[in-house]
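2 protein chains.
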Amino acid sequence: MPRDGRVVRERLQQAALELFSEHGYDGTTTTQIAARAGVTERTYFRHFPDKREVLFATEEELRDLTTTSIANVPPGTAPLLALKMAFHGVVPLVERSRPLAEIRIPIIMTAPALLEREYAKAAALVTVVAAALEARGETPRTALLTARVGMDAFSTAIRRWNTDHSGDLHHEVDEVFRDLRSLTQSLD
Amino acid sequence: MPRDGRVVRERLQQAALELFSEHGYDGTTTTQIAARAGVTERTYFRHFPDKREVLFATEEELRDLTTTSIANVPPGTAPLLALKMAFHGVVPLVERSRPLAEIRIPIIMTAPALLEREYAKAAALVTVVAAALEARGETPRTALLTARVGMDAFSTAIRRWNTDHSGDLHHEVDEVFRDLRSLTQSLD
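Protein sequences, first through last, are from chains A and B.
For the numbering used here, count along the first sequence from 1 and bump the result up by 1325.
For the numbering used here, count along the second sequence from 1 and bump the result up by 1325.
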């Protein structure tokens, strides 16, 4: 996307979040979002297929960065450790998106259709992570289980970081993987 | 629910699955489902709030059995081991539901709205499992991480059992927890 496209896209996101906060998700139209962002409704639909998608605009960036980070882990690293290392590379994006996340999470919670879309996006991300692990030579069986458990660990770390207002997401990532390790010790 | 209610409910489920297979999900109405089951449409809506829900009718039974099985694990059992033991108690229900699952999964895959509802139900089940672990004295932090990872393991076991057409879900449950154990050994 050219630089101008990205600027318009971010303006539309910002306008949508403001309007959703002011009038609720159901009380806002794409016409109003476009007007607030100073573009036509047609431009809105060039960037987002429907009203819901504007809330999920960072997903694509998150997906691409996650894939790249996994690919960049040194070959031969065990799969779950590889994910832990890769997630540290994704931390800056999550930190940068925090202001957006703080507005969008309460909005998503108010509408079942939005929450369901959120779950579907999370499931799609697991598929992407599994594919990235397969590209590193893991079997599909191992890749899927590792992707599921790894994404749970990462989203738990983000949730703790949001809930506890702790300062450092890197620290939460390390801690959740330590917790995971100690949880499984009972399985011997 | 009285026994008669359960019979009607199962007849409605069966009728819905037949019609969805014949005409697709979008090509079927609740009127047709009720007619095929030999009841009025009003009876349909006494059992299910909308057309989607008829596909998720076993969820409630699964949720109740999961909660009971977790509560029945001997006190003092480590949380992830407790889940593994509890899932063995849920296996017979999953095995019994296989004919239904074989019809409903391909239907759910065809409609994004159904798939999103499926994800939301899975997320709700994680919340239920976490609450059951808290009732056993686990902290909310430990309960949530354990519930997420445990449900990942169980759904992976079910998926492998469905994909590989292997005979024994108990065996798949044991194996996926062994895999989980060995995955986390790289984290030391």
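Cβ coordinates follow ideal geometry from the N, Cα and C atoms, glycine included.
Computed from a prediction, not measured in an experiment: that's the story for all the values here.
According to the DSSP assignment, Gly-1414 of chain B belongs to the alpha helix (DSSP H) that extends over 1404-1421. Identification of residues in the segment 1346-1375 of chain B having a C-beta nearer than 7 Å to some C-beta of chain A yields an empty set. Only Thr-1402, Ala-1403, Pro-1404, Leu-1405, Leu-1406, Ala-1407 and Lys-1409 from the segment 1388-1413 of chain A bring a Cβ to less than 9 Å from some Cβ of chain B. Judged by DSSP secondary structure, Tyr-1444 of chain B falls within the alpha helix (DSSP H) whose first and last residues are 1437-1459. Chain A places a beta carbon closer than 8 Å to that of Phe-1502 of chain B, counting this residue as a contact.
In summary, no residue of the segment 1422-1435 of chain A has a CB separated from any CB of chain B by less than 9 Å.
Excluding sequence positions up to five before and after Glu-1459 of chain B, its CB lies within less than 7 Å of the CB of Pro-1465 and Ala-1468, all in the same chain and listed in chain order. Spanning the alpha carbons of Lys-1446 of chain B and Asp-1375 of chain A requires a straight line of approximately 24 Å.
DSSP places Phe-1373 of chain A outside both helix and strand once states are collapsed to three, so it counts as coil. Three or more beta-carbon pairs separated by less than 8 Å link the segment 1362-1380 of chain A to the segment 1328-1345 of chain A, which places the two stretches in contact.
Interface annotation, Glu-1441 of chain A: in contact with chain B, CB-CB separation under 8 Å. At a Cβ-Cβ threshold of 8 Å, Pro-1400 of chain B and Thr-1471 of chain B do not count as neighbours. Between Arg-1377 of chain A and chain B, the shortest Cβ-Cβ separation is not below 8 Å. Taking Ile-1395 of chain B as the centre and dropping the five residues before and after it, the same chain places the C-beta of Ala-1411 and Ala-1457 closer than 6 Å to its C-beta, in chain order. Listed along chain A are Leu-1405, Leu-1406, Lys-1409, Phe-1502, Arg-1503, Leu-1505 and Arg-1506, each with a C-beta nearer than 8 Å to that of Leu-1512 of chain B. At least one CB of chain B lies nearer than 8 Å to the CB of Ala-1445 of chain A. For the segment 1470-1483 of chain B, the set of positions with a beta-carbon nearer than 7 Å to some beta-carbon of chain A reads Leu-1470, Thr-1471, Arg-1473, Val-1474, Asp-1477 and Thr-1481 in chain order. Within chain B, the C-beta atoms nearer than 7 Å to that of Thr-1509 of chain A come from Leu-1405, Leu-1505, Arg-1506 and Thr-1509, in chain order. In this model, His-1348 of chain B and Leu-1408 of chain A are separated by some 43 Å (Cα to Cα). With a beta-carbon spacing of about 6 Å, Tyr-1350 of chain B and Ile-1432 of chain B fall inside the 8 Å limit used to define contacts. About 22 Å separates the CB atoms of Arg-1423 of chain A and Val-1451 of chain A; that is not less than 8 Å, and the two are not in contact. Where Ala-1382 of chain B is concerned, there is no enclosing alpha helix (DSSP H), because DSSP gives it neither an H nor an E.
Interface annotation, Ala-1382 of chain A: not in contact with chain B, CB-CB separation never under 8 Å. B:Val-1398 is the residue among B:Pro-1437, B:Ala-1426, B:Val-1398 and B:Asp-1489 whose C-alpha sits nearest the C-alpha of Gly-1462 of chain B.
Rounded to whole angstroms, the gap between the alpha carbons of Thr-1355 of chain A and Glu-1366 of chain A is 7 Å.
Within the segment 1446-1466 of chain A, those residues whose Cβ lies closer than 8 Å to any Cβ of chain B are, in chain order, Ala-1447, Ala-1448 and Arg-1466. Shown here, His-1496 of chain A sits in a helix according to DSSP, grouped into three states.
In this structure, Ala-1478 of chain B sits near Leu-1505 of chain B, with a CB-CB distance shorter than 8 Å. Buried is the label assigned to Thr-1509 of chain B, since at least 16 other Cβ atoms lie within 10 Å of its Cβ.
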